[in-house]
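Have a look at the structure below, then the notes.
Numbering (UniProt numbering), first residue to last: 1 to 227.
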């Protein structure tokens, strides 16, 4: 009888220990998940009130989808920067008399091309980095890199503002080249005019022309093979 009681006691101890471990696991798991969610909420709240640069994704529509727009209209480069417009990331105000033209140009690439054509290629932007990122020191000896930019019938101002952003905001000694991969564009100003322009830039800028439309990923991989 005594041995039976001892066995029952040990079984009770083992079961209690197992339940305690299981409960500790559940509580720890819940606490960790709650802590992670709390950290995420804190981080997101820090950036809610910070000024951010909006990202706009566009795509070329083509002749058939624009409406009553001629090929000459599509092939015209209307880039005419206005001093001070869009500086420091400020919005561009389009006057009422230009709204119709703005809507027509919008149909080409699905973003406000009229506003883009009024902003300088080397426009200034606010520094939205966190203080720790600004003060961070990087190694002085880093390998050079090639920057690949894929485009298809892109607007002149948008494409070259991207190029100038790389030139202005990247350490020049780390840039081997900027490689523009033309994914079978047919707009005239992206041919000889673009070739002549990039030759005058302060960094090496090359253009790889694709004979047929490959798409973003395939065009980027082709550029990587050439770079």
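Backbone N, C-alpha and C define an ideal beta-carbon position, used for all residues, glycine too.
In this text the structure is predicted, and so the values were computed from the model without any measurement.
Separation of residue 220 and residue 148 (C-alpha to C-alpha, rounded to the nearest whole angstrom) is 7 Å. Here the alpha carbon of residue 175 sits roughly 5 Å from the alpha carbon of residue 145. For residue 169, the enclosing alpha helix (DSSP H) has its first and last residue at 156-169.
For residue 206, the enclosing beta strand (DSSP E) begins and ends at 205-209. Between residue 116 and residue 158, the C-beta spacing is below 8 Å. Going by DSSP, residue 147 is part of the beta strand (DSSP E) stretching over 145-151. Contact check for residue 125 against residue 88 passes: the beta carbons are separated by less than 8 Å. DSSP, reduced to helix, strand and coil, places residue 176 within a strand of the structure shown.
Residue 222 and residue 27 have their C-alpha atoms some 52 Å from each other. Take the alpha-carbon of residue 15 and the one of residue 137: they are about 55 Å apart.
For residue 197, same chain residues with a beta-carbon under 8 Å away, outside a window of 5 residues either side, are 160 in chain order. In this structure, DSSP gives residue 82 a state outside helix and strand, which the three-state scheme calls coil. Just measuring C-alpha positions, the residue of 190, 24, 189 and 150 sitting nearest residue 178 is 150.
When the beta-carbon positions are compared, residue 183 and residue 152 come within less than 8 Å of each other.
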